[in-house]
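Here is the structure we will look at, set down as structure tokens.
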Amino acid sequence: MHLIFLATSLVCVLSPWLHPSLASSASQGVEDKVERDAVSALLKQQATAAPATDNTTHHAAEHAITYPSRLIYYLNEDSESTHHDLNTHAKNQATADQTVHLAQASFQLEAFGSRFVLDLTLNNDLLSSDYVEIHYENGKPVLSKGGEHCYYHGQVRGSSNSHVALSTCNGLHGMFDDGVHAYLIEPLHQAHLIDTAARPHKIKRAASILSSLSSEEQVYEDGEEDLFSELNELSWLRSRKKRAMPRSVFEEMKYLEIMIVSDHSMYKRHKNKQHTKNFAKSVVNLVDGIFKDQLHTRVVLVALEIWTDKDQIPIGVKPLEMLRDFSKYRQQSIKLHADSVQLLSNVTFHYRRSSAAYFGGMCSVSRGVGVNEYGTTSSMFVSLSQSLAQNLGVQWDPAAKRKECGCVNSWSGCIMEDTGVQHPQRFSKCSISDYREFLLKGGGSCLFNRPTKLFEVAHCGNGYVEVGEECDCGLRSDCHKGCCKKCSLANGAHCSDGPCCNVTCLFYPRGYSCRYAVNDCDISETCTGDSGQCPPNLHKQDGYMCQVNQGRCYTGECKTRENQCKYIWGSKAGSSEKFCYEKLNTEGTEKGNCGKDGDRWIQCSKHDVFCGYLLCTNVGRTPRIGMMKGDITPTSFNHQGNVIQCTGAHVLLDDDTDLGYVEDGTPCGPSMMCLDHKCLPIQSLNMSTCPIGPNGQVCSAHGVCNNEATCTCDATWAGTDCSMPDPPKETDITTTEETKGPSATNLIIGSIAGAILVAAIVLGGTGWGFKLSLLNGVVRATAQTQRNAQREKPGPFCCLQPLWHGWPHPPGWQGSDPTTPAAIAACFTDLKCEEAALRPQRPGHLTQGEATVEDGLLRGFLSWLPDSWTALTAADFFGIRFT
């Protein structure tokens, strides 16, 4: 009880000086109540009109006809007026050959007894600056740069918990969600339409993304940092606010660059190139809205190809055959860069799903593809979302796990539901977990490079730093640090956003970890010291050893037979002994082989036995991924006095990939790895070599060769071959303005010192106690550095540097000896601080009883500390001993 009272008191007393993320939490309860009241009010206003109803299910979708209007300001008027012309063409077009749409627009419509005002902003992340459009004339491709951009995101006015994704090229196409219901809207096609007349639109209402969440699911949404935190973080850190550690790969915004190919049947359906383009862009715009909000991933269209003359591959009703043919077409004919290429076709598949894609194929030229059958804009965005999710390693949600995955609403459901639902609008907890697992395994490395936007006209507030701008953090709600004002950096600020920009608007020092390595084959990215952005995500070149020399790196993942067995059958499974592979895979039977030729099993040569049929132990009845084709093939042997299990199965993914064989990249001998069921030398990969240093070693043995065939150097080395010593430097930042009134430095230092003193009193009263000499040293050191702060005006955390002397390395530390002043400065701050005269020393040895009991007490003020301090326990921080 004492601890609870203390923690509550500290938050209340110190809240005026806390980081905004903490200070705002005190008012969260009031805001939540207001939001709940607003939702209740909206529920009471529903449909006084009598909308049409689809009675095919008890969760009925409601239809209505509406006549939207655009809200504009007329000359000498201060209020908005309605206008029936919905087009958003900008006046004074910059070029005659390319239509430019307004940066912002608002629309009003009435339906189901409610009035909606949609405030929209042009989605500048939709099309990249390299965006091209391709069509065919006389069998030859014709390429053009740019294209019409009329695709918007926004909100329902008066509802902060709302989302809108619409296109305005030809009426309003898309969807919006007011937090209570989701609405799909599209224009009714009329042969004779008068320009000045209001245009009728069909609108359909379904359950909202948010209102369909049960209370249990809402807890999951609120605490999603638990799910997305790195696996190696301490358990209590997983519930910390997001700024506590460098952002995880899930939390960091990613950019999926997509190319769309519309086949000849799609072109004929839409009758001309422009309508075909608009349809594809509308679908991608809807997908981007879902992925941005739920997966922290933007979907950016880099190219659009239309087969105007004829189809370039055979088009049929069997999607898996189309998928294989389309993969070959991409490899042979598409030279443009894209993370995934998706085919849209007007055919109807003879298949239980509306799309097919290679599972986990994102970033691969051969497997980063998908094929999708035709539907309306709203249904095709679901198909494309499913296809891209498959590329991102997201499995289908089985009906048996509907409650576990959080898909309890049988009408709106979830995007990856196996049974199919009418209007899915969100990814389930299982889907998000799958995506997280895909990223943590090293997948999706291509998603971390941010493309540039489409138009060169500078626009403050679009999130891109353009000509004449010093910064652009996006919407006002995203500019939470106060570093950027009207696209100009605040006085004294060096940056405004990004993982390498700290809360004081200054660059983190060179070597500070901004993106942790997720496995042995990944590379931890560090800040450069002169940018707020984290460098591109790279991984080790294929062939590096991993997992204590048990595996080989391949496409950013550590490949072993052990890992593959666990991935298919669960954590209790493992790879069978070598005897199983040597005995069974040479026989060429169902229980052991190197593939199939027609109806005949292929025998493995002795050289290739470890690249054939995958044999595991502790196999369950059903795999955790994919579906079994046939039965499990259990075999056991009495070998050297022990009974060993040799069990396999053909486990198929939707793209027909058989997981029952050892994966490419898996080691099969010294300097050997599996490729297409063959055990080949690593040299056969024909990889580009990294620079050789003067000592004759790759990257001078002071770095690793990455997937771009360049050296990523260790923290204290530099140069293209990592041969140049480059120790971290102390950052010298001078202050140009005099402090007016009580400084933030003094307030925070005082708060920390006060928290330490109060904690000491409470802990002493409960019999735990501090070492008083250490506490006195802490207080004296704090006071001394406060005086230093007044002289040099450093950042608020310099006062805590002396406490670190002689203590363990912080998480992610890659510098030199942390006990030196230079190393301390480089690790914890980019400001120069004098050392305190009195430095408390950590006890030489900690007993097992010195643990983390007081971690919860420290969470409140640890949120102010530099990220590198957040893994400290109470024992580390105060030298507490429990007696």
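What the sequence shown shows, in mature numbering (1 follows the signal peptide of the UniProt record, and there is no 0), is residues -23 to -1, 1 to 860, in sequence order.
Glycine included, C-beta positions come from ideal geometry on N, C-alpha and C.
A quick note: this is a predicted structure, and the numbers were derived from the prediction, not measured.
**Cα-Cα separation between tyrosine 108 and asparagine 100, rounded to whole angstroms** = Counted from its first residue, the sequence shown places residue 108 at position 131. Counted from its first residue, the sequence shown places residue 100 at position 123. Cα to Cα, tyrosine 108 sits roughly 14 Å from asparagine 100.
**Prompt:** Thinking C-beta only, is glycine 642 closer than 8 Å to threonine 532?
**Reply:** Residue mapping note: residue 532 aligns to position 555 of the sequence shown, counting from 1. Residue mapping note: residue 642 aligns to position 665 of the sequence shown, counting from 1. The answer is yes: Cβ separation under 8 Å.
**Asked** Just the Cα atoms here: how many angstroms apart are tryptophan 284 and isoleucine 292?
**Response** In the sequence shown, the residue the question calls residue 284 occupies position 307. In the sequence shown, the residue the question calls residue 292 occupies position 315. Each residue's Cα considered, the two are about 12 Å apart.
**Item:** Cβ distance (whole Å) where cysteine 511 is taken to contact proline 486 below 8 Å
**Value:** Taking the first residue of the sequence shown as 1, we reach residue 511 at position 534. Taking the first residue of the sequence shown as 1, we reach residue 486 at position 509. Actually they do not touch by this definition, with Cβ atoms about 14 Å apart.
**Close Cβ partners of histidine 178 (< 8 Å) along its chain, the five nearest in sequence each way excluded** = On the sequence shown, residue 178 is found 201 positions in, with the first residue counted as 1. Only Ile42, Thr43, Tyr44, Pro45, Leu86, Gly148, Leu149, Ile162, Glu163, Pro164, Leu165 meet the Cβ criterion.
**Nonlocal neighbours in the same chain, by C-beta distance under 6 Å from cysteine 382, ignoring five residues either side** = Here residue 382 is taken as the residue at index 405 of the sequence shown, counted from 1. Closer than 6 Å at Cβ, skipping near neighbours: Asp374, Ser405, Lys406, Cys407.
**Prompt:** Between the C-alpha atoms of cysteine 348 and leucine 320, what's the straight-line distance to the nearest angstrom?
**Reply:** As a position in the sequence shown, residue 348 is number 371, starting the count at 1. As a position in the sequence shown, residue 320 is number 343, starting the count at 1. The question names cysteine, but residue 348 is valine in the sequence shown. Their Cα atoms are separated by approximately 5 Å.
**Asked** Alpha carbon to alpha carbon, how far is aspartate 633 from glycine 572?
**Response** For the purposes of this step, residue 633 is identified with residue 656 of the sequence shown, where counting begins at 1. For the purposes of this step, residue 572 is identified with residue 595 of the sequence shown, where counting begins at 1. Aspartate 633 and glycine 572: Cα-Cα distance of roughly 14 Å.
**Asked** Between the C-alpha atoms of glycine 420 and arginine 492, what's the straight-line distance to the nearest angstrom?
**Response** The residue labelled residue 420 in the question sits at position 443 within the sequence shown. The residue labelled residue 492 in the question sits at position 515 within the sequence shown. Near 14 Å, if we compare the C-alpha coordinates of arginine 492 and glycine 420.
**Request:** Taking only the alpha-carbon atoms, compute the straight-line gap between histidine 130 and leucine 278 and give it to the nearest angstrom.
**Result:** Translated into the one-based positions of the sequence shown, residue 130 becomes position 153. Translated into the one-based positions of the sequence shown, residue 278 becomes position 301. Those two C-alpha atoms are separated by around 15 Å.
**Request:** Go through its chain and collect everything with a Cβ distance to glutamate 539's Cβ below 6 Å, but skip five positions before and after it.
**Result:** As a position in the sequence shown, residue 539 is number 562, starting the count at 1. Closer than 6 Å at the Cβ level, and outside the excluded window around glutamate 539, lie Gly551, Ser552.
**Item:** Alpha-carbon spacing of serine 613 relative to threonine 537, whole angstroms
**Value:** On the sequence shown, position 636 is the one that residue 613 refers to. On the sequence shown, position 560 is the one that residue 537 refers to. Their backbone Cα atoms lie some 22 Å apart in a straight line.
**Message:** Is it buried or exposed, proline 644, if we count other Cβ atoms within 10 angstroms and call 16 or more buried?
**Reply:** On the sequence shown, residue 644 is found 667 positions in, with the first residue counted as 1. Label assigned to proline 644: buried.
**Request:** Tell me, please, which residues DSSP counts as bridged to histidine 471.
**Result:** As a first step, residue 471 must be located in the sequence shown, where it is residue number 494. BP columns for histidine 471 are empty, so no partner.
**Item:** 7 Å CB neighbourhood of asparagine 672 in its chain, flanking five on each side removed
**Value:** Here residue 672 corresponds to residue number 695 of the sequence shown, with the count starting at 1. For asparagine 672, where only same-chain residues beyond five positions count, the Cβ hits under 7 Å are Ala678.
**Asked** Are the beta-carbon atoms of methionine 664 and leucine 657 separated by less than 8 Å?
**Response** Position 687 of the sequence shown, counted from the start, is the residue given in the question as residue 664. Position 680 of the sequence shown, counted from the start, is the residue given in the question as residue 657. No, the Cβ-Cβ distance between methionine 664 and leucine 657 is not below 8 Å.
**Asked** Should the segment 259 to 274 be regarded as contacting the segment 291 to 308, the criterion being three or more beta carbon pairs within less than 8 Å?
**Response** no
**Entirely enclosed beta strand (DSSP E) segments - the segment 64 to 100, minimum 3 residues** = 81 to 88, 91 to 99
**Message:** Cutting at 7 Å between CB atoms, please list the residues of its own chain near cysteine 127, excluding the five before and the five after it.
**Reply:** Translated into positions along the sequence shown, residue 127 becomes position 150. Excluding sequence neighbours, cysteine 127 sits near Thr65, His78, Ser144, Thr145, Cys146.
**Item:** 8 Å Cβ cutoff met for alanine 174 and histidine 61
**Value:** Taking the first residue of the sequence shown as 1, we reach residue 174 at position 197. Taking the first residue of the sequence shown as 1, we reach residue 61 at position 84. Cβ atoms of alanine 174 and histidine 61: closer than 8 Å.
**Message:** Can you check which of these residues, Asn323, Thr503, His314, Ser661, is closest to tyrosine 244 by C-alpha distance?
**Reply:** Start at 1 with the first residue of the sequence shown, and residue 244 comes out as number 267. Minimum Cα distance to tyrosine 244 is reached at Asn323.
**Request:** For serine 364, collect the residues of the same chain with a Cβ closer than 7 Å to its Cβ; drop the 5 residues on either side in sequence, then sort them by chain order.
**Result:** The count along the sequence shown starts at 1 and reaches residue 364 at position 387. Hits under 7 Å: Gln319, Ser332, Ala334, Gly347, Asn349.
**Prompt:** How many angstroms separate the CA atom of threonine 594 from the CA atom of glycine 637?
**Reply:** Mapped onto the sequence shown, residue 594 falls at position 617. Mapped onto the sequence shown, residue 637 falls at position 660. About 13 Å.
**Asked** For glutamine 319, which three-state DSSP category applies?
**Response** The residue labelled residue 319 in the question sits at position 342 within the sequence shown. The answer is strand: DSSP assigns glutamine 319 an E or B state.
**Message:** Rounded to whole angstroms, what is the Cα-Cα separation between glycine 459 and arginine 427?
**Reply:** Residue 459 sits at position 482 when you count from the first residue of the sequence shown. Residue 427 sits at position 450 when you count from the first residue of the sequence shown. Going from the Cα of glycine 459 to the Cα of arginine 427 covers about 23 Å.
**Request:** Taking the CB atoms as reference points, tell me whether alanine 142 and asparagine 262 lie closer together than 8 Å.
**Result:** Taking the sequence shown and counting its residues from 1, one reaches residue 142 at position 165. Taking the sequence shown and counting its residues from 1, one reaches residue 262 at position 285. Yes, these two residues count as a Cβ contact at 8 Å.
**Request:** Would you mind reading off the limits of the beta strand (DSSP E) that contains threonine 689?
**Result:** Here residue 689 refers to the residue found at position 712 when the sequence shown is read from its first residue. 688 to 690 is the extent of the beta strand (DSSP E) around threonine 689.
**Prompt:** When burial is assigned at 16 or more other CB atoms within 10 Å of the CB, is threonine 253 buried or exposed?
**Reply:** Walking along the sequence shown from the start, residue 253 turns up at place 276. Buried is the call here.
**Message:** Tell me the residue span of the beta strand (DSSP E) that contains histidine 616.
**Reply:** For the purposes of this step, residue 616 is identified with residue 639 of the sequence shown, where counting begins at 1. That run of the beta strand (DSSP E) goes 613 to 616.
**Request:** Would you kindly report the start and end of the unbroken alpha helix (DSSP H) that includes lysine 254?
**Result:** Here residue 254 refers to the residue found at position 277 of the sequence shown. Counting along the chain, the alpha helix (DSSP H) containing lysine 254 begins and ends at 250 to 272.
**Prompt:** Looking at C-alpha atoms only, which residue of Phe336, Asp102, Ile500, Glu298 is the closest neighbour of phenylalanine 268?
**Reply:** Mapped onto the sequence shown, residue 268 falls at position 291. Ranking the options by Cα distance to phenylalanine 268, first place goes to Asp102.
**Request:** In the DSSP assignment, find the beta strand (DSSP E) that holds threonine 59 and state where it starts and stops.
**Result:** As a first step, residue 59 must be located in the sequence shown, where it is residue number 82. It spans 57 to 60 - the beta strand (DSSP E) in which threonine 59 sits, taken as one unbroken run.
**Asked** Beta-carbon separation of histidine 327 and valine 359 under 8 Å?
**Response** Here residue 327 is taken as the residue at index 350 of the sequence shown, counted from 1. Here residue 359 is taken as the residue at index 382 of the sequence shown, counted from 1. Cβ distance not < 8 Å, so histidine 327 and valine 359 don't count as in contact.
**glutamate 357, enclosing beta strand (DSSP E) - first and last residue** = Taking the sequence shown and counting its residues from 1, one reaches residue 357 at position 380. Checking the displayed sequence, the identity of residue 357 turns out to be methionine instead of glutamate. Element bounds for methionine 357: not the beta strand (DSSP E) but the alpha helix (DSSP H), 354 to 368.
**Asked** Which one of Gly90, Leu63, Ile579 has the shortest CA to CA distance from serine 83?
**Response** Within the sequence shown, residue 83 is the residue found at index 106, counting from 1. Here the closest residue by C-alpha is Leu63.
**Request:** Please name the residue or residues paired with asparagine 349 in a DSSP beta bridge.
**Result:** As a position in the sequence shown, residue 349 is number 372, starting the count at 1. DSSP output for asparagine 349 lists Leu321, Ser332 as bridge partner(s).
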